[in-house]
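Just below is one structure, and these are the notes that go with it.
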Amino acid sequence: MRALTLLLFVITPLAAAQPASRLRVAVVQMTLGPSLEANRDRIVNWIPKAAARGARVVVFPEGALSVRSSAPQGDVPGAVRLIRETARGNKVYVLFGGWTWSEPHGRATNWMKVIAPDGRELLHYDKLWDVHDARTPAVFSLDGVPASAMICADRWLRALEDLPVQQGARISFELSNNFASEWVPGLQWYWYVPRALRNNVYVVFANTSNRTPGKPEPGVDQRPRHGHSAVIAPDGALVTAARDDLETLLVADLDIARATRAEALARRSNPVMGKFWQAGVDLLEGKAIAPPPLVQKDSAAAGISMSAAQIPMSADAGQNVAAMLESIGAAAKRNVDLIAFPELAVTGGKLSVAGDAVERLCAAARANHMVVVFGMPRRQDGRWYNSAVVAGPDGAVLTRYDQLAAQPPFSPGEHPSRMWFSVKGVPAVVTIGREALWNEIAELAAVAGARLHVSLSREPVRSDSEALRRRQIGAALSSFMTFTVMANAGGYSAIWDDLNAGAETRAEVRDLPRPSPGAVRVFSAFSANLVVEANAGPALISATRRVPGRNSHYPQRTGRYHPAMAPWYVFGSQILTGVPNQ
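Quick note: the sequence shown uses our numbering, first residue 1270, plus one each step.
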């Protein structure tokens, strides 16, 4: 009996440990020191302070372990070993960045490590912006909670930003060393809030700081950093945040049940966009995808003037169309090439047949020789679709597009290629509502060559915080080298310009004179510029830009830095253009 009992004990599986329901995370907004040893000591001194606050996870910025002066590099393996020992001694996870000499590359490169509470290394990841052929960082576990990480500019790479969430990550960490100019007061956490919202996960942002407000560290940096580290909840709200650029410690409790990944899962299960996300996961798991060669839509450069109209809307389609016709007339006096009206503008959001609305609006487009884009419901085979109609300057319907990311009572559209049209020969797309959050659609359209993007929405804006969130979503949507107009029924329609993105970013990185962005309301060197914005109530806004003939987002900010995932971008762009995929 004793032997049988022993045998049963040996072969009975142990119950799997349950993932933590809460994690306390500490973010160290650290100022960089002049030597490897100084930075090593700052890291190991902050770890027990964070542990004393009950933190289970301690996060440091990009390049926290680095040499930022002419001092000798020092003992990097020894410094890492001491950090691992300190993590083990305090029983905490530690995430930290390094910037050290790489013999194979003949220069310093950025990397990061995740250390477990027992001192083991869970992850080493080389920044792909520095080492283009480095391995894509894998999802790792913090007390059973799946998580992912990226370093600063790698946020541009969707395989690091969003794909890990498709693989189960509930926390997305970003370690950065951002210039002061990357903090834009009018946009604030413009990368991090949309990332949290479109994935419904926690976003933890750790950034470097200054010892003196607005001034670089003497002997270390030539330029100040901006601080403003933050923890963003899955609903986009701030859990905690640094409100300045000084060294500090932030502590936040993460309720993991809130990280539902609901919006990410909706994108994965979408009948059209789900193919893109599944292909990305397959590629990360070693399954090759082989799309046909990319053929980008192209055109000659052209001057384009676009308007967005906010109109009073009722349940009476006749009244709405009358207001739209009046706005078209007003826009014609400004010589615009395109006017955009909000989502469901024709019926004011009501599910109803709009009578002769399309014919009247097409006639107005012809009479005023402009492109008119408007939202309306469409019923076919017993189903309702949330649609956009694009009328051309000759009065013909250029396209009718049904929203892909539709929710009840609407059915999702099945024909993404119908989002495409052109203005004076310039490739353009139209998207609707929730698709502003699903900004992979905007990026893949840019990969395929889109230069103009028209976004129709029906979002209420009832407070300053909601207006800020709308700007943040707009900045993320519009930052793919396009000229973008967002027409919103709830106020705060906007026009964005990211056409000169490469020159603006290079100037900031190299500390060169800033290129003139033209008249803008908010300048942002690392995202689209907010050209003009309406407040609440009726409004007609417009802007004009010279649009170059080719969109270089691919490969400039995609395949160039992550060649292993280049086929994925091509595959996704061809979903939108209707090219048959293998």
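Note that CB positions come from ideal geometry on N, CA and C, so glycine has one too.
For this session: State the Cα-Cα distance for the pair S1793 and A1632, rounded to the nearest angstrom.
Result: 39 Å
For this session: Would you mind sorting W1370 into buried or exposed? The rule is 16 or more other CB atoms within 10 Å of its CB.
Result: exposed
Exercise. By a C-beta neighbour count over all protein chains shown, 10 Å radius and 16 as the cutoff for buried, is H1831 buried or exposed?
Worked result: buried
Exercise. Taking the DSSP output, what are the residues bridged to I1742?
Worked result: Answer is none; I1742 lacks a bridge partner.
Exercise. Among the residues of its own chain, which have a CB less than 7 Å from the CB of G1664, if the five just before and after it don't count?
Worked result: C1631, A1632, A1634, R1635
For this session: Quick one: grab the DSSP three-state call for M1299.
Result: coil
Exercise. So who's on the other strand from A1591, going by DSSP bridges?
Worked result: Partner(s): none; A1591 has no beta bridge.
For this session: Could you tell me whether the Cβ atoms of R1815 and A1571 are closer together than 9 Å?
Result: yes
Exercise. Which runs of the alpha helix (DSSP H), 4 residues or longer, sit entirely within the stretch 1298-1359?
Worked result: 1305-1321, 1345-1359
Exercise. How would you call K1382, buried or exposed, if buried means at least 16 neighbouring beta carbons within 10 angstroms?
Worked result: buried
For this session: Below 8 Å on the Cβ atoms is my guess for L1673 versus N1468; work out the distance and round it to an integer in Å.
Result: Incorrect: roughly 18 Å between the Cβ atoms, too far for contact.
Problem set entry | Nearest to Q1436 (by Cα), restricted to the options P1454, V1294, S1417, N1447 | S1417
Problem set entry | Whole-angstrom distance between M1639 and P1662, CA atom to CA atom | 4 Å
For this session: For the stretch 1468-1546, list the beta strand (DSSP E) runs that are entirely contained and at least 3 residues long, ordered along the chain.
Result: 1471-1475, 1499-1501, 1507-1510, 1517-1524
Exercise. Is S1811 closer than 9 Å to S1583 when the C-beta atoms are compared?
Worked result: no
For this session: Look up D1402 in the DSSP assignment and give the residues it is bridged to.
Result: D1402 pairs with nothing; no bridge assigned.
Problem set entry | Residues bridged to V1666 [DSSP beta-bridge criterion] | A1660
Problem set entry | Nonlocal neighbours in the same chain, by C-beta distance under 7 Å from E1516, ignoring five residues either side | Q1298, M1299, T1300, S1478, R1480
For this session: Select from M1593, L1713, F1448 the residue whose C-alpha is nearest the C-alpha of P1685.
Result: L1713
For this session: Check R1648 in the structure and name its three-state DSSP category.
Result: strand
For this session: State the DSSP-derived secondary structure class of H1722, mapped to helix, strand or coil.
Result: strand
Exercise. So, using beta-carbon positions, are Y1823 and S1796 closer together than 9 Å?
Worked result: no
Exercise. Whole-angstrom Cβ separation of D1402 and T1378, contact assumed at under 8 Å?
Worked result: No, D1402 and T1378 are not in contact; Cβ-Cβ is about 12 Å, not under 8 Å.
For this session: Could you name the residues of the same chain whose beta carbon sits closer than 7 Å to that of P1581, not counting the 5 residues immediately before and after it, in chain order?
Result: A1592, P1807
Exercise. From S1576 to V1462, what distance separates their C-alpha atoms?
Worked result: 27 Å
Problem set entry | Cutoff 8 Å; reference G1413; Cβ partners in own chain excluding five residues on either side | A1286, Q1287, P1288, A1289
For this session: Below 6 Å CB to CB, which residues in the same chain sit around L1667 once its five sequence neighbours on both sides are set aside?
Result: V1659, G1661, F1690
Exercise. Going by other Cβ atoms of all chains shown within 10 Å of its Cβ, with 16 needed for buried, is N1314 buried or exposed?
Worked result: exposed
Problem set entry | Anticipated Cβ contact below 8 Å, G1496 with D1514, distance rounded | 3 Å
Exercise. Should V1564 be labelled buried (16 or more other beta-carbon atoms within 10 Å of its own) or exposed?
Worked result: exposed
Exercise. Rounded C-beta distance between A1521 and T1509? I'm assuming under 8 Å.
Worked result: 5 Å
For this session: Using DSSP bridges, identify the partner residues of E1451.
Result: E1451 pairs with nothing; no bridge assigned.
Problem set entry | Boundaries of the beta strand (DSSP E) in which A1377 is found, first to last residue | 1376-1384
Exercise. How should L1275 be labelled, buried or exposed, when 16 other C-beta atoms within 10 angstroms of its C-beta is the threshold for buried?
Worked result: Note on L1275: pLDDT 32, under 50, position unreliable in the model; the coordinate value appears next. Result: exposed.
Exercise. P1415 bridges to which residues according to DSSP?
Worked result: S1410
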